[in-house]
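Novice:
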Amino acid sequence: MSDVAVIGAGYVGMTTAACLARLGHRVTCADVNEERVAQLSQGKVPILEQDLPELVAEGLASGRLRFVVGATAAAREAEFVFLCVQTPQSENGAADLSAVEAVAREIAPVLRAHAVVVNKSTMPVGSTLIVARELAQAGAPTDVGVASNPEFLREGQAVHDFLQPNRVVIGCSNTEVAVRVSELYAGVQAPVLVTDAASAEMIKYASNAFLATKISFINAIANMCEAVNADVREVALGMGYDTRIGFEFLHPGPGYGGSCFPKDTAALIHTASEHGYDFSLLRGVVEVNREQHKRMVDKLRAAVGGSLDGVAVGIWGLTFKANTDDLRDSPALAIAAALLAEGARVRAYDPATAPSAAERVPGLEGLEIVTDPYDAVAGAAALALLTEWDEFRWLDFGRVHDAMDAPRAVVDARNLLDPAAMRRRGLAYQGVGR
Ligand SMILES: NC(=O)c1ccc[n+]([C@@H]2O[C@H](COP(=O)([O-])OP(=O)(O)OC[C@H]3O[C@@H](n4cnc5c(N)ncnc54)[C@H](O)[C@@H]3O)[C@@H](O)[C@H]2O)c1
């Protein structure tokens, strides 16, 4: 059992803290957001994440998990300090490391001898050295170790992915430090890959870039399927049986989004160019993704007769994928913004976002958010289904038909609904690539 500090109580930090407590460690999780710390201390988990409330409650009850305000309060006694703060995209595409660097400077004076600082935030190649430098300059003990331990969890199944990962990657040239970090994961059944820090950092970016590439690839194939009258679902099935390709991430849609793929692809392109390499393949992936958002708007515009000006459009789904409440870089928001810009009146329903969600979405003040899926389509000429929430399959489409106005266009950006059933209901259905 080790004393662990987790800095940042966001999606990754909360999960890391609760799961490390489950694994038997004494964990102190810190954030600067006092309200969040107060909520978590009472067992209230402020995000939608399966199994996390139960795990936080378990950690609090056992005394192995606590939440505090401020990084130093957590780091003071810790043997390991996990950095889980945000690394957003800066204007030139690079990852903005200012939050990480600030934490390193903040905790350096209070770190105990032999402590290990673990970079769990996604950071470009070289960041482990940057963190080590910041720590040293700010007065950390000279024997403090720094390791990269990138996180691969998927929102919506973060707890599962943390406790049953495909792999644990530890990047550190000091074997003793790497072994100590790996011991924190005793009890997790997964291969542990110990490598140098640069390779660990690259593994994270290469993995996300590859997944983004798969999504853009199948979206491009879907667009081809529309042109040649093929069905992308059959194509993806036929491809997926090849074990070299696999079935996962071959679902066409409105383009990838979320808090990771857009910024991580941009950061990798930026790192490549800094080192004199033009990552044209990945630039293409990003471009296909941008076009895919636009294609959904094109479909809607064409379906309502060529202009969206003054047209009422209902949206189902705002989060970047189902089973999360995360709106960051959601394709649905990009599409809603484009619809509003063309003069459409847009009303949206999402199972995970409250009516106040509009306040959290700068630039989308014109977006009306309702709490009932039928309200979203009342009087609408078109419906855009933008997130694959399972509940959308089971709605009363006779009622949807009656609530909508002609031409009753349905653009199903996730291929969630049954085209024949929709058409039988009198809805002008279009999917993606079929
Ligand atoms: N969200 C994901 O699915 C996911 C998956 C894998 C990796 N990552 C990476 O993990 C990192 C964190 O992502 P996230 O989604 O959890 O971010 P987040 O924005 O949800 O959480 C970051 C938290 O850090 C806190 N914070 C910032 N500065 C602080 C400081 N000085 N002291 C204490 N707390 C501070 C913020 O208040 C916030 O609560 C990013 O680098 C991200 O790329 C995210």
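Under my numbering, the first residue of the sequence shown carries the number 734, and numbering increases by one thereafter. The beta-carbon is built from N, C-alpha and C at its ideal position, and this holds for glycine as well. In this text the structure is predicted, and so the values were computed from the model without any measurement.
#1: Quick one: grab the DSSP three-state call for Ala1085.
#2: Quick one: residues in its chain with C-beta nearer than 6 Å to the C-beta of Ala942, no 5 flanking neighbours on either side, listed in chain order?
#3: The alpha helix (DSSP H) spanning Gly746 covers which residue range?
#4: Per the DSSP calculation, Asp1145 is bridged to which residue(s)?
#5: Can you pull the DSSP bridge partners for Tyr1162?
#6: When the Cα atoms are used, what is the spatial distance from Thr677 to Tyr1082?
#7: Consult DSSP for Ile840 and reduce its assignment to one of helix, strand or coil.
#8: Below 8 Å between beta carbons: does that hold for Asp736 and Ala811?
#9: Taking only runs of the alpha helix (DSSP H) that begin and end inside the segment 779-853, which ones reach a length of at least 4 residues, in chain order?
#10: Mapping DSSP to helix, strand and coil, what is Ser906?
#11: Quick check on Leu944: does DSSP put it in helix, strand or coil?
#12: List the whole-angstrom C-beta distance separating Thr1086 from Leu1118, where the pair is believed to meet the contact cut-off of C-beta under 8 Å.
#13: Between the C-alpha atoms of Asp1138 and Lys777, what's the straight-line distance to the nearest angstrom?
#14: Considering only the alpha carbon of each residue, which of Thr1057, Pro1140, Asp1135 and Leu1128 lies closest to Asp1151?
#15: Following a CB-centred definition, is Asn766 positioned closer than 7 Å to any heavy atom of ligand 1?
#16: Where do the N-terminal and C-terminal ends of the alpha helix (DSSP H) with Asp1135 fall, by residue?
#17: When you compare each of Thr1052, Gly988, Leu868 and Val765 to Arg838 by their alpha carbons, which one comes out closest?
#18: Do you know offhand how far Pro987's Cα is from Ile954's?
#19: Got a sec? Which residues, its chain only, sit under 8 Å from Ala923 by beta carbon, not counting five neighbours each side?
#20: Return the chain-ordered list of same chain residues with a C-beta closer than 6 Å to the C-beta of Pro1064, the five sequence neighbours on each side being excluded.
#21: Which residue marks the beginning of the beta strand (DSSP E) containing Glu1020, and which one marks its end?
#22: Regarding Ile740 and ligand 1, is the C-beta to nearest heavy atom distance less than 7 Å?
#23: Please identify the residue among Ala806, Leu773, Glu782 and Ala807 whose C-alpha is closest to the C-alpha of Thr792.
#24: May I have the straight-line CA-CA distance separating Trp1049 from Thr1120, to the nearest angstrom?
#25: Is the segment 907-920 touching the segment 848-856, taking contact as three or more C-beta pairs under 8 Å?
Specialist: On the basis of the supplied data:
#1: coil
#2: Thr998, Leu1001 and Leu1015
#3: Tyr744 to Arg755
#4: Leu1118
#5: Val1143
#6: What the structure shows of the chain is the stretch from 734 to 1167, and residue 677 is not part of that stretch, so it cannot be assessed.
#7: helix
#8: yes
#9: 785-795, 804-808 and 831-840
#10: coil
#11: helix
#12: Going by Cβ atoms, the distance from Thr1086 to Leu1118 rounds to 15 Å, so no, they are not a contact pair.
#13: 42 Å
#14: Leu1128
#15: yes
#16: Phe1130 to Ala1136
#17: Leu868
#18: 13 Å
#19: Gln897, Pro898, Asn899, Arg900 and Val901
#20: Pro987, Gly988, Gly990 and His1026
#21: No beta strand (DSSP E) contains Glu1020, which is instead part of the alpha helix (DSSP H) from Ser1013 to Ala1036.
#22: yes
#23: Just to set this straight, residue 792 is Gly in the shown sequence, not Thr. Among Ala806, Leu773, Glu782 and Ala807, the Cα nearest to that of Gly792 is on Leu773.
#24: 7 Å
#25: yes
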